[in-house]
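Single-structure report; data block below.
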Amino acid sequence: MAQKINEAHEHIAKAEKYLKTSFMKWKPDYDSAASEYAKAAVAFKNARQLEAAKDAYLQEAEAHTNNRSLFHAAKALEQAGMMLKDMQKLPEAVQYIEKASLMYTENGTPDTAAMALDRAGKLIEPVDLGKAVDLYQKAASVFENEDRLRQAVELLGKASRLLVRQKKYDEATLSLQKEKSIYRDIENYPTCYKKTIAQVLVHLHRGDYVAADKCVRESYSIPGFSGSEDCIALEQLLQGYDQQDEDQVSRVCNSPLFRYMDNDYAKLALTLSVPGEGKKKKAVAATPGDAGVNGGVDGPEEEEDEYAGGLC
1 MAQKINEAHE HIAKAEKYLK TSFMKWKPDY DSAASEYAKA AVAFKNARQL
51 EAAKDAYLQE AEAHTNNRSL FHAAKALEQA GMMLKDMQKL PEAVQYIEKA
101 SLMYTENGTP DTAAMALDRA GKLIEPVDLG KAVDLYQKAA SVFENEDRLR
151 QAVELLGKAS RLLVRQKKYD EATLSLQKEK SIYRDIENYP TCYKKTIAQV
201 LVHLHRGDYV AADKCVRESY SIPGFSGSED CIALEQLLQG YDQQDEDQVS
251 RVCNSPLFRY MDNDYAKLAL TLSVPGEGKK KKAVAATPGD AGVNGGVDGP
301 EEEEDEYAGG LC
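Numbering (the UniProt record's numbering), first residue to last: 1 to 312.
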């Protein structure tokens, strides 16, 4: 380990020498200095001197920047971020990766910029969901500007799920709508159906039945949605929710169609409750014409009998 540390310091000394100017050398040799700083960083890293390795990578990035080699400067900044990640300093790590992303964009390599933001999002997700959402959305925006819609919508999907996990339902509805629009643009209609289910669940958790119903009605224009199992299930769900029918809502939400969605949406289905006290399905069957009016005011004895019947 001591040998690696000595080796690193030798590379630092060489780099500093390359940066010095003299009467015969008017311009620093940034390229050679960057190379030496990179070697020093690797030596420090191998010696587990992470702080020193991070500093060396930052010096490498500065040398590349002065040499107008932005792509390599960004790579060095990302490496500095990785050192901070290994030091469990995740917010600081993400800051350097974000700076690297800006450099990639300035260098004319937006795809690399978006991928860096995606990596930063994965890095910070375990400790800061809000920051992860911001990074995924920025990465999606970069991909969208490059007409790489499949990559963009994948990142938007990550953002939507994290918004739901944080119970930021208003923001989640907007994110899901954008996802759905992109899937429609690329003619991935079956996924549009799934996004409609997710939208409806989010709207109902917001207590906005009108928005949920509107979402389904607007989706009838998506090719193949009307009459699909997704459409039928959503119509049954909304009917049960509107009629405060706990049994019907529970049956739909516990169906494989809902249970095998992404975890965050499956949890929404399993925790969805109807407004008011709810009522039992049998009362609806007995008086179909009055289900929405009389079903919720049955006497105690009727409710007890129906509950017993439901258990059978």
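Even glycine gets a Cβ: it sits at the ideal position worked out from N, Cα and C.
Going by C-alpha positions, Tyr-37 is about 12 angstroms away from Ala-80. Taking a cut-off of 8 angstroms on C-beta distances, the stretch 217-224 touches the stretch 182-197, as three or more cross pairs fall below it. Contact between Leu-257 and Asp-230 holds: CB atoms are separated by about 7 angstroms, below the 8 angstroms threshold.
Nearest neighbour of Ile-97 by Cα position, chosen from Gly-108, Lys-85, Asn-107, turns out to be Lys-85. Secondary structure within the stretch 159-202: the alpha helix (DSSP H) runs of 4 or more consecutive residues, fully enclosed, are 169-185 (chain order). Cβ neighbours of Ser-175 within its own chain (closer than 7 angstroms, five residues either side excluded): Leu-156, Ala-159, Ser-160, Leu-163. For a cut-off of 8 angstroms, the C-beta gap from Asn-107 to Phe-71 is around 5 angstroms, short enough to register as a contact. Ranked by how close their Cα comes to the Cα of Met-103, the residues Pro-91, Ala-152, Leu-117 have Leu-117 in first place. In this structure, Lys-99 is the residue among Lys-89, Lys-99, Leu-149, Ala-198 with its C-alpha nearest to the C-alpha of Lys-75. With a cutoff of 9 angstroms on beta-carbon distance, Ala-73 and Met-83 are scored as not near each other.
The DSSP-derived three-state label of Asp-230 is helix.
The closest CA to that of Ile-197, considering only Asp-264, Val-133, Glu-154, is found on Asp-264.
Look at the stretch 111-159 and you find these whole runs of alpha helix (DSSP H), each 4 residues long or longer: 129-145.
Contact between the stretch 130-141 and the stretch 234-242 is absent: fewer than three C-beta pairs spanning the two stretches fall below 8 angstroms.
Here Lys-194 has Asp-230, Met-261 as same chain residues with Cβ atoms under 8 angstroms from its own Cβ, once five neighbours each way along the sequence are excluded. DSSP places Asp-245 in no alpha helix (DSSP H); its state is neither H nor E. Contact between Glu-146 and Asp-111 holds: CB atoms are separated by about 6 angstroms, below the 8 angstroms threshold. Asn-46 and Ile-5 have their alpha carbons spaced roughly 9 angstroms apart. Asp-242 sits close to Tyr-209, with the two beta carbons spaced by under 9 angstroms.
Annotation for Ser-101: the continuous alpha helix (DSSP H) segment containing it runs 90-107. Judged by beta-carbon spacing, His-205 lies beyond the 9 angstroms limit of Ala-211, meaning their Cβ atoms are not closer than that value. Leaving aside the five residues that flank Asn-67 on each side, the residues in its chain whose CB is nearer than 7 angstroms to its CB run, in chain order, Tyr-30, Asp-31, Ala-34.
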